[in-house]
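Undergrad:
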Amino acid sequence: MIIHEITEECFKKYGKVIDSIDLTELISTMQTVEIPADVVYEPSISALEELKCATELQQKTYGELPIQIGWCIGNNHKLNAVEYHRCSEVNIAATDAILILGRQQDISVENTYDTSLMEAFRIPSGTAVELYATTLHYAPCNASDGGFLVAVVLPKGTNEVLEHPHTGGEDALLAAKNKWLIGHPEGGLPEGSYIGLTGENLDISES
């Protein structure tokens, strides 16, 4: 895969850079975290949500809606799945990382998606991006051998356990609250996950 920069024109259909909020304290806090061998996602981290910038993210980025700030950290080289939300997601990189992105509009009527349509982007350490609600994404990938540290901002309650059964059509993709997911057959997802990605399980290490 070609690794694009988030400053390139082709990124604009997926999201935008956030440069109106001082995220220095959040990034420095993230950089004290030890990077695990595997991917770890925590939707809500109190040490991040108590920082001054959390109020600005809530007021400016999410129009005063309640938010949660967590992290996705670890080591990863493959796509494995795509997900989307009914809202934007903010990613704040405390290390360089690579995001593999696509568009919800390209999901077929059968709820399958061809991974060859996706593009990869490097998000430099110290940078924050808003990924639009229609942007397909999943766990970041390593930009170097050391792994990645990325803070994740979403409306409060996103990714919590579902309270009701969901079957049929797009509803079958709902894997958690406000999380629609399409997995790859080689993605190693939990039993019962919706599998609908076609094409290669994209691997950044082969780029």
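Numbering (the working numbering), first residue to last: 476 to 682.
Every residue, glycine too, gets a C-beta built ideally from N, C-alpha and C.
Could you check where the beta strand (DSSP E) with Ile-582 kicks off and where it finishes?
TA: Run containing Ile-582: none; DSSP gives neither H nor E here.
Undergrad: Within 10 angstroms of its Cβ, does Asp-571 collect 16 or more other Cβ (buried), or is it exposed?
TA: It counts as buried.
Undergrad: Assuming Leu-637 is part of the beta strand (DSSP E), what are its boundary residues?
TA: Neither: Leu-637 is in no beta strand (DSSP E) and is coded neither H nor E.
Undergrad: Does Ala-608 come out as helix, strand or coil in the three-state DSSP assignment?
TA: Correct three-state label for Ala-608: coil.
Undergrad: Quick one: Cα of Thr-587 to Cα of Asn-676, how far?
TA: Near 14 angstroms, if we compare the C-alpha coordinates of Asn-676 and Thr-587.
Undergrad: With DSSP as the reference, identify every bridge partner of Gln-543, one or two as the case may be.
TA: Leu-629.
Undergrad: Would you list, in sequence order, the uninterrupted beta strand (DSSP E) runs of no fewer than 3 residues that lie entirely inside the segment 479-555?
TA: Fully enclosed beta strand (DSSP E) runs of 3 or longer: 490-493, 515-517 and 542-549.
Undergrad: DSSP beta-bridge partners for Lys-654?
TA: Answer is Ala-651, bridged to Lys-654.
Undergrad: Do the CB positions of Pro-518 and Gln-534 come within less than 7 angstroms of each other?
TA: Not a contact, by the Cβ cut-off of 7 angstroms.
Undergrad: Would you say Ala-608 and Cys-562 are within 7 angstroms of each other, going by their C-beta atoms?
TA: Their beta carbons are under 7 angstroms apart, which means Ala-608 touches Cys-562 by this criterion.
Undergrad: What do you reckon, are the CB atoms on Gly-577 and Leu-592 nearer than 7 angstroms?
TA: Closer than 7 angstroms, so yes.
Undergrad: Report, in whole angstroms, the separation of the C-beta atoms of Tyr-613 and Glu-558, which I expect to be a contact under 8 angstroms.
TA: Yes, Tyr-613 and Glu-558 are in contact; Cβ-Cβ is about 6 angstroms, under 8 angstroms.
Undergrad: Give me the Cα-Cα distance between Trp-655 and Thr-530, rounded to the nearest whole angstrom.
TA: Taking the straight line from one Cα to the other gives about 27 angstroms.
Undergrad: Checking contacts by CB at 7 angstroms: is Asp-497 closer than that to chain D?
TA: The question asks about chain D, but that chain is absent: this structure has only one protein chain.
Undergrad: Taking 7 angstroms as the threshold (C-beta atoms), are Ile-598 and Leu-574 in contact?
TA: Yes, these two residues count as a Cβ contact at 7 angstroms.
Undergrad: For Tyr-489, which option in Ile-502, Thr-610, Glu-483 and Glu-585 has the closest C-alpha, if you only look at C-alpha atoms?
TA: Minimum Cα distance to Tyr-489 is reached at Thr-610.
Undergrad: Please report the residue range of the beta strand (DSSP E) in which Asn-676 lies.
TA: It is not in any beta strand (DSSP E) - Asn-676 carries neither H nor E in the DSSP assignment.
Undergrad: On the CB-based measure, 16 or more other CB atoms within 10 Å of its CB, does Ala-650 come out buried or exposed?
TA: Ala-650 should be labelled buried.
Undergrad: Looking at the strands, I want to know which residues DSSP matches up with Cys-616.
TA: Paired residues: Ile-573.
Undergrad: Applying the 10 Å Cβ sphere with the 16-neighbour rule, what's the burial state of Leu-540?
TA: Its Cβ having fewer than 16 others within 10 Å, Leu-540 is exposed.
Undergrad: My guess is that Cys-616 and His-552 are in contact by the Cβ rule of under 8 angstroms, so how many angstroms apart are they, rounded?
TA: That pair is a contact at about 6 angstroms.
Undergrad: Just grab the DSSP bridge partners of Tyr-559 for me.
TA: Paired residue(s): Trp-655.
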